[in-house]
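Everything below concerns the one structure shown next.
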Amino acid sequence: MRVLLLIALVTIYIEDSWAQPSYPALELRHIVQLQTDDARQFDLSGIVRIAEHTYVIADKPWNTYLYEVRTQGPDFTFSKEYAFRAFAQTDLEAVDYCDELFYLADELNGQILRFRLDTTSGPLITPQILPIDFESAELRPHTWGNAGWEGLAIDCGNQTMYLIKERQPRFILTIDMESGKITDKFNIPETESGDFSDAKYENGYLYLIERNGNYITKINPKTHEVIDKVHYRHIASHHEGKLYGPEKYGMAEALLLLDDEIWIGLDNNGKSVTKHAQDTHGLMGNTPIILQFSRPKGF
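Sequential numbering from 1487 applies to the sequence shown in this note's numbering.
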């Protein structure tokens, strides 16, 4: 009897540990949902802010556009600002900006693309492939399929890029942007999640989405130390229901850091919102959303 009681108590403790994360929950400010008349599915996969302009990308092979986002109340809309002259089918999974250049992670082909917005040449852009020496590190990103580059973040001042491999295995590459050489390859303990998605760099720290755990993790990319974590599980994976379904895995694919807010964009892969999302947040249909949270002080 005592053994059974001990097992029961341990089980309750473990379940409660998962149910009550030890890291703080983000405070939700708003949820904005895409409003569009476009019949084609839009799968939000990356976001970047440049001055007062917010741009997003999507990850379907036919979607080779850079969109500018506009938010108003509970909705957001976008316009197709620029189209890429793609070399082949692409799977655009991340976007960042440095020295007047956009950088895109193409998961399908394992490449990093870059381009400059040139309004004098019209809306059609021909990106360059960033020369990165993957071969010396015995890496073949074009063979990774849907487990490849999911995030990209740039330390512009030091001309350093961080490439984020999603899973199987997940890891982070540090790249010298001037030489194209890989200078580091590392991971952090997989205590909350076994995958990554998007990332951003700010003030010496790298911020990562640990997608299936619903965490944003702040790390020192030089020492690989985990500095802090916050979670959004109470919104994206509430015990009464997720926001879209049916879906087993996490959906967060886009991360944006502002002075007082953190935005997380969800790629719902065309799935419809759940009854929980309808009743709790007033969401409708099957278009993606951006979760807007207050940014904790010091995070």
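Beta carbons are placed, not taken as given, at the ideal position from N, Cα and C, and that holds for glycine.
query: Using a Cβ-Cβ cut-off of 6 Å (strictly less than) and excluding sequence neighbours within five positions of M1647, which residues of its own chain qualify?; result: I1640, I1661, M1663
query: If you drop the 5 nearest sequence neighbours on each side, which residues of the same chain put their C-beta closer than 8 Å to that of Q1764?; result: M1770
query: Quick check: the region 1723–1734 against the region 1689–1697, are at least 3 beta-carbon pairs closer than 8 Å?; result: no
query: Hey, I1776 and V1518: beta-carbon distance below 8 Å or not?; result: yes
query: If you reduce the DSSP assignment to three classes, tell me which class Q1645 lands in.; result: coil
query: Exposed or buried, which one is N1754 when buried takes at least 16 other CB atoms within 10 Å?; result: buried
query: For the beta strand (DSSP E) containing H1725, list its first residue and its last residue.; result: Element bounds for H1725: n/a, residue is neither H nor E.
query: Look up E1621 in the DSSP assignment and say whether it is helix, strand or coil.; result: helix
query: Going by CA-CA distance only, name the one from E1567, I1598, P1627 that's closest to D1604.; result: E1567
query: What are the boundary residues of the beta strand (DSSP E) that A1763 is part of?; result: First-last for A1763: 1761–1767, but that is the alpha helix (DSSP H), not the beta strand (DSSP E).
query: Buried or exposed for S1531, going by 16 or more other Cβ atoms inside 10 Å?; result: buried
query: Please check if any C-beta of chain B sits within less than 8 Å of the C-beta of R1600.; result: Within the model displayed, chain B is absent; a lone protein chain is all it includes.
query: Can you give me the C-alpha to C-alpha distance between A1544 and D1529, rounded to a whole angstrom?; result: 5 Å
query: How far does the beta strand (DSSP E) with H1516 in it extend, from its first residue to its last?; result: 1513–1520
query: If we ignore side chains and look at the alpha-carbon of each, how far apart do P1782 and Y1589 end up?; result: 28 Å
query: By alpha-carbon positions, which one of L1742, G1643, K1651, Y1701 ends up nearest to A1722?; result: Y1701
query: Assign F1682 to one of two classes, buried (16 or more other C-beta atoms within 10 Å of its C-beta) or exposed (fewer than that).; result: buried
query: Alpha carbon to alpha carbon, how far is L1616 from P1627? Give it in angstroms, no decimals.; result: 14 Å
query: Tell me the residue span of the beta strand (DSSP E) that contains E1739.; result: 1738–1743
query: Closest to A1591 by C-alpha separation, out of P1510, R1556, V1542, W1749, would be which residue?; result: V1542
query: From this set, G1784, H1717, Y1718, which residue's C-alpha is nearest D1746's C-alpha?; result: G1784
query: From which residue to which residue does the beta strand (DSSP E) around G1666 run?; result: Unbroken run through G1666: none, as it is neither H nor E.
query: So Y1735 is in the beta strand (DSSP E); what residue range does that whole segment cover?; result: No beta strand (DSSP E) holds Y1735; DSSP gives it neither H nor E.
query: Rounded to whole angstroms, what's the CA-CA distance from P1774 to E1676? Just pull it up for me.; result: 28 Å
query: If you draw a straight line from the C-alpha of L1625 to the C-alpha of L1752, how long is it?; result: 29 Å
query: Mind checking who T1660 pairs with in its DSSP beta bridge?; result: Y1648, D1670
query: If I measure Cβ to Cβ from L1744 and keep anything under 8 Å in the same chain, skipping five residues before and after, which residues do I get?; result: R1535, R1781
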